[in-house]
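Following: one structure in structure tokens, then a few remarks.
Protein chains: 2
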Amino acid sequence: MTVADSTQPAIVLVSPQMGENIGAAARAMMNCGLKDLRLVNPRDGWPNERATANAVGALEKMPPVQVFGSTKDAIADCQRVYATTARPRDMVKSVYTAKSAADDIHARAAQNEKSAVLFGGERSGLDNDDVALAHGIVTVPLNPDFTSLNLAQGVLLLAYEWFQAQDETAAIQTHAPEDILASGEELNGMLGRLEEELEARHFFRTEGHKPTMKRNIRAMLMRAEFTDQEVRTMHGMISALIGKKDSE
Amino acid sequence: MTVADSTQPAIVLVSPQMGENIGAAARAMMNCGLKDLRLVNPRDGWPNERATANAVGALEKMPPVQVFGSTKDAIADCQRVYATTARPRDMVKSVYTAKSAADDIHARAAQNEKSAVLFGGERSGLDNDDVALAHGIVTVPLNPDFTSLNLAQGVLLLAYEWFQAQDETAAIQTHAPEDILASGEELNGMLGRLEEELEARHFFRTEGHKPTMKRNIRAMLMRAEFTDQEVRTMHGMISALIGKKDSE
């Protein structure tokens, strides 16, 4: 990369050990649209076959991974640095969650500030000298009884929060866009027919209970929010149940 | 587990292939406090040594994993079922994000409804018959150019959102709780001394600029929110810079 893309953070793996984990981290980054991967002193050198295999294509989709001899060099072009740690350090720094760090990264990117997020090696995480380089600490809130997070899982959670912060997917999509909800006419036609057929077969035992029973049936079936195709399917089922062949 | 704990969802891995991935999924679950892991027809049987190794202790911390011969059996005690899929299916079901599914699971748990979340095998995900068993679909919003998510990563994101939804960690903790912020008196004592020493050394070249320069220095240093120890360190640095030995 000639000029760092300040719209997204660099993910800096400091002294990573297993190529598998570097590859899995690259895959997690690409899942979330992050492409600026930097390595500081990877134990087994670079490139690494096991990383390539575990990245399942992610490394080919990003600019070449940059390798540095020190953490300082790796973050030289970054205005803002976050250190990920599972345990508190004896340093006075702001401690962010993955989500608040992601929000902060976006806010700073909007001001053209490039961020870097440091992740330590598998064995012991970042050392204190690396943490001292950071403006803030990121500790993902997790089950306090079991905080040991795999390297790639840690990268995934940070990258996921970064992606979430700018993603506009609706929380709940009730129907796939190509589906068309049934109109009130179609729906009421089907419900009216159902009531008639039920009535003809003495389903509503007493006149007194009939209005409530009808209301309950309508509520129950309307809750399903049928498409027009599903209304046709309901008609077909009603026909089948009453022993009538229809065009369905 | 004799009686299902409805406060948390069952994670159901349907036809998982590699023990490593089952273990990594168990680890991700424990990271987020989830302990109800169920397997449907695991390819290599159960228990599985590679799963145990990759779980790094998580499997010992949860009740025994339950193994079933069919997805239907695995969810028999669950009132609410979610199917995770990366691609849309030709079925009319609500599509949730990981976050909205997690919120829904909590809301239903509050009504004593037990949820299950289905995850398909590594090769091809859930088949349509499994998806048909679900009340809703979960599709994690990801980079549309690279949605291929490893099994354990998928479990992690769902579990993480479930944990987040009930976690109360402050978004940003400015100081570790054991640190004590400097009092106004300590802070102003140090800032006043700094100003005096600067003034004595003709730092403020013109009287006209002095008020603004003082304000800027105060703003800059107050932003750091020093602890009392740090104020002492500042005093020590000032002393050192002016060539004076003090008790620090």
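If you read the protein sequences in the order shown, they are chains A and B. In terms of my numbering, the first sequence opens at residue 1 and continues consecutively. In terms of my numbering, the second sequence opens at residue 1001 and continues consecutively. Positions of the beta carbon are idealized from the N, C-alpha and C atoms, including for glycine.
Query: Straight-line gap, Gln17 of chain A to Arg1193 of chain B (C-alpha atoms, nearest Å); Result: 49 Å
Query: Cβ separation of Arg50 of chain A and Asn1150 of chain B, assumed to be a contact under 8 Å, to the nearest whole Å; Result: Wrong, their Cβ atoms sit about 15 Å apart, outside the cutoff.
Query: Proximal residues, the segment 1200–1234 of chain B versus chain A, C-beta separation under 7 Å; Result: Thr1227, Glu1230
Query: Residues of the segment 19–37 of chain A with Cβ closer than 8 Å to any Cβ of chain E, in chain order; Result: Note that chain E does not occur in the displayed structure, where the protein chains are A and B.
Query: Identified DSSP bridge partners for Phe68 of chain A; Result: A:Val40
Query: Endpoints, beta strand (DSSP E) assigned at Val131 of chain A; Result: From DSSP, Val131 of chain A is part of no beta strand (DSSP E) but of the alpha helix (DSSP H) over 128–132.
Query: CB contact below 8 Å: Ser1094 of chain B versus chain A; Result: yes
Query: Residues bridged to Gly1125 of chain B [DSSP beta-bridge criterion]; Result: B:Gly1121
Query: Closer than 8 Å to chain A by CB, Ile994 of chain B; Result: Since the displayed chain B opens at 1001 and closes at 1248, residue 994 of chain B lies outside it and no answer follows.
Query: Presumed contact (8 Å Cβ cut-off) between Leu1118 of chain B and Tyr1160 of chain B, rounded CB distance; Result: Leu1118 of chain B to Tyr1160 of chain B, Cβ: 18 Å. No contact.
Query: Rounded C-alpha distance that separates Leu133 of chain A from Asn21 of chain A; Result: 24 Å
Query: Beta-carbon contacts of Trp1046 of chain B that lie in its chain and below 7 Å, excluding the five residues immediately before and after; Result: Leu1039, Val1065, Val1067
Query: Met1190 of chain B beta carbon less than 8 Å from that of Phe1204 of chain B; Result: no
Query: Residue range of the unbroken beta strand (DSSP E) whose run includes Ser1080 of chain B; Result: The sequence as given places Arg at residue 1080 of chain B; Ser does not occur at that position. It spans 1080–1084 - the beta strand (DSSP E) in which Arg1080 of chain B sits, taken as one unbroken run.
Query: Alpha-carbon to alpha-carbon, Glu1195 of chain B and Ser1239 of chain B; Result: 13 Å
Query: Where Gly1243 of chain B sits in the DSSP three-state scheme; Result: coil
Query: Extent of the continuous beta strand (DSSP E) to which Leu1013 of chain B belongs; Result: 1010–1014
Query: 8 Å Cβ cutoff, Pro1141 of chain B in contact with chain A; Result: yes
Query: CB contact below 8 Å: Thr1085 of chain B versus chain A; Result: no
Query: Sub-8 Å separation of Leu1158 of chain B and Ala1101 of chain B beta-carbons; Result: yes
Query: Neighbour list for Asp1129 of chain B in chain A, Cβ cutoff strictly below 8 Å; Result: None at all; the shortest Cβ gap to chain A is about 18 Å.
Query: Option nearest Asn112 of chain A by Cα separation, candidates A:Ile242, A:Lys244, A:Gln8; Result: A:Gln8
Query: Residue span of the alpha helix (DSSP H) that contains Gly1019 of chain B, given as start and end; Result: 1019–1031
Query: Leu1126 of chain B vs Thr1085 of chain B beta-carbon contact at 8 Å; Result: yes
Query: Cβ-Cβ distance between Gly1154 of chain B and Tyr1096 of chain B below 8 Å; Result: no
Query: For Gln1111 of chain B, the three-state DSSP class (helix, strand or coil); Result: coil
Query: CB-CB length for Ile105 of chain A against Val12 of chain A, believed under 8 Å; Result: Their Cβ separation, rounded to whole angstroms, is 13 Å, which puts Ile105 of chain A and Val12 of chain A out of contact at 8 Å.
Query: Partners in chain A for Phe1068 of chain B, counting only beta-carbon separations shorter than 9 Å; Result: Residues of chain A passing the Cβ test: none, with the nearest at roughly 25 Å.
Query: Residue from B:Met1030, B:Ser1015, B:Ala1024, B:Ala1010 whose Cα sits closest to the Cα of Pro141 of chain A; Result: B:Met1030
Query: Coil, strand or helix - Gln1166 of chain B by DSSP; Result: coil
Query: C-alpha gap between Asn128 of chain A and Arg89 of chain A, whole angstroms; Result: 8 Å
Query: Proximity winner among A:Asn48, A:Ser15, A:Asp5, A:Asp36, relative to Gly23 of chain A (alpha-carbon distances); Result: A:Asn48
Query: Between the CA atoms of Val138 of chain A and Arg1108 of chain B - distance to the nearest angstrom; Result: 31 Å
Query: Closest residue to Asp145 of chain A among B:Ala1116, B:Gln1229, B:Met1062, B:Val1014 (Cα-Cα distance); Result: B:Met1062
Query: DSSP three-state assignment for Ala116 of chain A, whether helix, strand or coil; Result: strand
Query: Whole-angstrom distance between Gly1057 of chain B and Leu1037 of chain B, CA atom to CA atom; Result: 14 Å
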